[in-house]
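Chemist:
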Amino acid sequence: MSTDIEQQLRRSLAEATTPVDLVLDPTEVTRLSARSYRRRRTRQVLVGGMASLAVLAAGAWAGGWLPGDAQSALPASPWTCPITRSGGEVGAGTVAADQIDGAMLPVQGGGTVVAAQVEGCGGVLVFATSTAGSDSLPEKLDVQTAIGADADSSDQVVGIEGVLRVGDRLVVARMTAADVGQLTVLTVDGATVVPQDAIVPVPGTDMVAYLVQGPAAEGTQIATTWRSSDGLDHVAPRSVTSEARDQDAVPGDRATESWVGRQADGSLWFMRRGEVAGPVDAHGAPVAVPFDTSHDGEVELLVVGPGPGQVSLADPEPPPGESTGDPSEVVRTVSLSGESFVGQEPVYAELVTLTGLRSEDPMPGMVWTPADGGPPQQVEVIEP
Amino acid sequence: MGAGARRQRDAEFTAFVEQASPELLRFAWFLTGEVHAAQDLVQGALLRTYRAWRRIDVPRAVAYTRRVMVNLSRREWRRGGAGRVLVGEGTGELLAPAPDHADAAGEQDRLIRGLRQLPSRQRTVVVLRYYCDLSEQQCADELGISTGAVKSAASRGLARLREHLVMQEVHP
Numbered sequence: 001m002s003t004d005i006e007q008q009l010r011r012s013l014a015e016a017t018t019p020v021d022l023v024l025d026p027t028e029v030t031r032l033s034a035r036s037y038r039r040r041r042t043r044q045v046l047v048g049g050m051a052s053l054a055v056l057a058a059g060a061w062a063g064g065w066l067p068g069d070a071q072s073a074l075p076a077s078p079w080t081c082p083i084t085r086s087g088g089e090v091g092a093g094t095v096a097a098d099q100i101d102g103a104m105l106p107v108q109g110g111g112t113v114v115a116a117q118v119e120g121c122g123g124v125l126v127f128a129t130s131t132a133g134s135d136s137l138p139e140k141l142d143v144q145t146a147i148g149a150d151a152d153s154s155d156q157v158v159g160i161e162g163v164l165r166v167g168d169r170l171v172v173a174r175m176t177a178a179d180v181g182q183l184t185v186l187t188v189d190g191a192t193v194v195p196q197d198a199i200v201p202v203p204g205t206d207m208v209a210y211l212v213q214g215p216a217a218e219g220t221q222i223a224t225t226w227r228s229s230d231g232l233d234h235v236a237p238r239s240v241t242s243e244a245r246d247q248d249a250v251p252g253d254r255a256t257e258s259w260v261g262r263q264a265d266g267s268l269w270f271m272r273r274g275e276v277a278g279p280v281d282a283h284g285a286p287v288a289v290p291f292d293t294s295h296d297g298e299v300e301l302l303v304v305g306p307g308p309g310q311v312s313l314a315d316p317e318p319p320p321g322e323s324t325g326d327p328s329e330v331v332r333t334v335s336l337s338g339e340s341f342v343g344q345e346p347v348y349a350e351l352v353t354l355t356g357l358r359s360e361d362p363m364p365g366m367v368w369t370p371a372d373g374g375p376p377q378q379v380e381v382i383e384p
Numbered sequence: 385m386g387a388g389a390r391r392q393r394d395a396e397f398t399a400f401v402e403q404a405s406p407e408l409l410r411f412a413w414f415l416t417g418e419v420h421a422a423q424d425l426v427q428g429a430l431l432r433t434y435r436a437w438r439r440i441d442v443p444r445a446v447a448y449t450r451r452v453m454v455n456l457s458r459r460e461w462r463r464g465g466a467g468r469v470l471v472g473e474g475t476g477e478l479l480a481p482a483p484d485h486a487d488a489a490g491e492q493d494r495l496i497r498g499l500r501q502l503p504s505r506q507r508t509v510v511v512l513r514y515y516c517d518l519s520e521q522q523c524a525d526e527l528g529i530s531t532g533a534v535k536s537a538a539s540r541g542l543a544r545l546r547e548h549l550v551m552q553e554v555h556p
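Keeping their order, the protein sequence lines are chains A and B.
Take the numbering used here: the last position of the first sequence gets the number 384, and nothing is skipped along the way.
Take the numbering used here: the last position of the second sequence gets the number 556, and nothing is skipped along the way.
1) Step through the CB atoms of chain A and report whether any lies within less than 9 Å of the CB of residue 409 of chain B.
2) Put residue 494 of chain B into one of helix, strand or coil per three-state DSSP.
3) Taking residue 26 of chain A as the reference, which of B:420, B:417, B:397 and B:497 has the closest Cα?
4) Kindly indicate which residue of A:331, A:304 and A:192 has the alpha-carbon position closest to the one of residue 275 of chain A.
5) Taking the C-alpha atoms as reference points, what is the distance between residue 338 of chain A and residue 413 of chain B?
6) If we count the other Cβ atoms within 10 Å of its Cβ and call it buried at 16 or more, is residue 241 of chain A buried or exposed?
7) Once you ignore the five residues that flank residue 37 of chain A on each side, which residues in its own chain have a CB closer than 6 Å to its CB?
8) Which word fits residue 194 of chain A, buried or exposed, when buried means at least 16 other C-beta atoms lie within 10 angstroms of its C-beta?
9) So, does the segment 340-360 of chain A touch the segment 294-307 of chain A, judging by three or more C-beta pairs under 8 Å?
10) Flag this pair as touching only if the segment 161-179 of chain A and the segment 212-220 of chain A have three or more C-beta atom pairs under 8 Å; answer yes or no.
11) Can the beta-carbon of residue 19 of chain A be found less than 9 Å from the beta-carbon of residue 452 of chain B?
12) With DSSP as the reference, please indicate the residues paired to residue 234 of chain A in a beta bridge.
13) Can you tell me whether residue 160 of chain A is helix, strand or coil according to DSSP?
14) Please report whether the beta-carbon of residue 245 of chain A lies at a distance below 9 Å from any beta-carbon of chain B.
15) Is there a Cβ from chain A that is less than 9 Å from the Cβ of residue 398 of chain B?
16) At what residue ranges does the segment 241-314 of chain A contain a whole run of the beta strand (DSSP E), taking only runs of 3 or more?
17) Can you list, in chain order, the stretches of the beta strand (DSSP E) that have 3 or more residues and sit fully within the segment 104-147 of chain A?
18) In or out: residue 273 of chain A buried (at least 16 other Cβ within 10 Å) or exposed?
19) Relative to chain B, which residues along the segment 182-215 of chain A have a C-beta separation below 9 Å, given in chain order?
20) Counting C-beta neighbours from all protein chains within 10 Å, is the total for residue 209 of chain A 16 or more, i.e. buried, or is it exposed?
21) Please name the residue in A:334, A:335 and A:305 whose C-alpha comes closest to that of residue 377 of chain A.
22) For residue 260 of chain A and chain B, any beta-carbon pair shorter than 9 Å?
23) Would you check if the distance between the CB atom of residue 9 of chain A and the CB atom of residue 495 of chain B is smaller than 9 Å?
24) Between residue 227 of chain A and residue 392 of chain B, what straight-line distance do the alpha-carbon atoms span, to the nearest angstrom?
25) If you follow the alpha helix (DSSP H) that residue 514 of chain B is part of, which residue opens it and which one closes it?
26) What's the C-alpha gap between residue 334 of chain A and residue 358 of chain A?
27) Residue 539 of chain B: buried (16+ other C-beta within 10 angstroms of its C-beta) or exposed?
28) Select from B:406, B:524 and B:416 the residue whose C-alpha is nearest the C-alpha of residue 507 of chain B.
29) For chain A, find out if any of its Cβ atoms is closer than 9 Å to the Cβ of residue 402 of chain B; answer yes or no.
30) Output needed in chain order: residues of the segment 253-277 of chain A with a Cβ under 7 Å from some Cβ in chain B.
31) Going along chain B, which residues have a C-beta under 7 Å from residue 5 of chain A?
32) Kindly indicate if chain B contains any beta-carbon less than 9 Å away from that of residue 8 of chain A.
33) Which residue marks the beginning of the beta strand (DSSP E) containing residue 332 of chain A, and which one marks its end?
34) Please report the residue range of the alpha helix (DSSP H) in which residue 183 of chain A lies.
35) Taking DSSP's pairing of strands, which residues face residue 209 of chain A in a bridge?
36) Would you give the residue range spanned by the alpha helix (DSSP H) that residue 431 of chain B belongs to?
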């Protein structure tokens, strides 16, 4: 079967019809490249006229690591920048360990990542790596990512990031705004909580750095959640296909008390006031995840339906003549605002608050009633 | 560099672009799923290749450019989230044929559409392995990851594609 699909895939990729407009004019490509090259060279000469500037830039862009924004942050006085090129075509070079004062981030199983702002390099931020431990750093560290200090600095958590190799391990290193706590990284394989003591300040900056390690570094990252010092919970989606948030969340802001995200395979993630659950495979059926509140007998549920609709208790009224029915009741149902990427199905989610629950009772049944008048569907409650 | 040397370099580079761009564009198209995004990706990578032209062995220029493209597309992914790379069904960019025509073409269509649904790394590994025909070790070298991660991504990618095919057969 595996061989079959491999062969099918090879054949399909080889035979796929190329769009007629998928072409480039080679002469035009060369003209644009030459013009860009000349401008770049001119700028370099104007800035310093020193070869070491070109070395840093060449190493970084050869690896595809240096975004255009960062080029303007390259050293104004390159002769004072301690980063030197290591010789390979791909790689930002090396930096002397005693010339950077950075945050030491130990790698599981050995090795260290140093997150630092490099003096003399115009505020360039680097992730430098060593396969030795932090107690015995070598004289030179490999600089794996160099980026301008002002690039994406307003973009908390996902702003400055490098996927690094330390020995035979991959780690994701991030520098973010300092106001980050209770940080959880969601990947296709599960949630990884970053310990608070592993989030360390980067000297000379208003940023902190941390590593995402283990399977979370290898797997596709779905989102990052965190709580800022003002108590607000935030979610930064990374590769969700659609999501839903509190209706009163400010568009574009990541602060939200409730969030549901759907990843590419259809699995769902839930966040309510910083607590995370997932991934949940909904199979296109209505599902709910309960979250405890601080009130006795009260529980909140994030409910996701297969389409537009509304959730309600399956049998909210006790049978006629009986008074021992389920005492729970829905006190509040709030729809979340859905957003989806092009062509993707939105997330239809509701926040439901139930009260009157007795500890010995099971969760009351709920149904999702489609807006198009279809038959109600039982909601499956998934305990995290 | 004198004018003569510049002209020679530009001529060499133009010849390289003429010869390599069809393959690079298809590679970018499989990575991005969009014609314009693919063109942008290749143009951006070629610009960097031009800058490094004197340091590159010409026989390795395609591999070099491809590696830059992978790096650029990963950065786009990290910056832009899913919306940039996981284009939806409605954009109609990746393949012209409808899904319900003749069996062989339909299967090809479904596989290519399934490719678009894969996460970035899985899609990149699958395209490198099964379009560029790289070995696991070569993929690992190009992506800067372990061969184990390549195997894992390829295996997961194929499993998802298989699921996608089954789903498409049940719900075309």
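Note that beta-carbon positions come from the ideal geometry of N, C-alpha and C, so glycine has one too.
Here the structure is a predicted model, which is why all the values come from computation and not from measurement.
Modeler: If we stick to the structure as given:
1) yes
2) helix
3) B:397
4) A:192
5) Between residue 338 of chain A and residue 413 of chain B, the C-alpha separation is close to 29 Å.
6) buried
7) There are no such residues.
8) buried
9) yes
10) Short answer: they touch.
11) no
12) A:226 and A:255
13) strand
14) no
15) At a cut-off of 9 Å between beta carbons, residue 398 of chain B contacts chain A.
16) 258-263, 268-272, 275-280, 287-292, 299-305 and 309-313
17) 112-118 and 124-130
18) exposed
19) Those would be 188, in chain order.
20) Label assigned to residue 209 of chain A: buried.
21) A:305
22) Taking Cβ atoms only, chain B never reaches closer than 9 Å to residue 260 of chain A, which makes this a no.
23) yes
24) 57 Å
25) 504-514
26) Roughly 23 Å separates the two Cα atoms.
27) exposed
28) B:416
29) yes
30) 264 and 265
31) 542, 545 and 546
32) yes
33) Its beta strand (DSSP E) spans residues 329-335.
34) Where residue 183 of chain A is concerned, there is no enclosing alpha helix (DSSP H), although the beta strand (DSSP E) it sits in stretches over 181-187.
35) A:175 and A:200
36) Note, residue 431 of chain B: alpha helix (DSSP H), 419-435.
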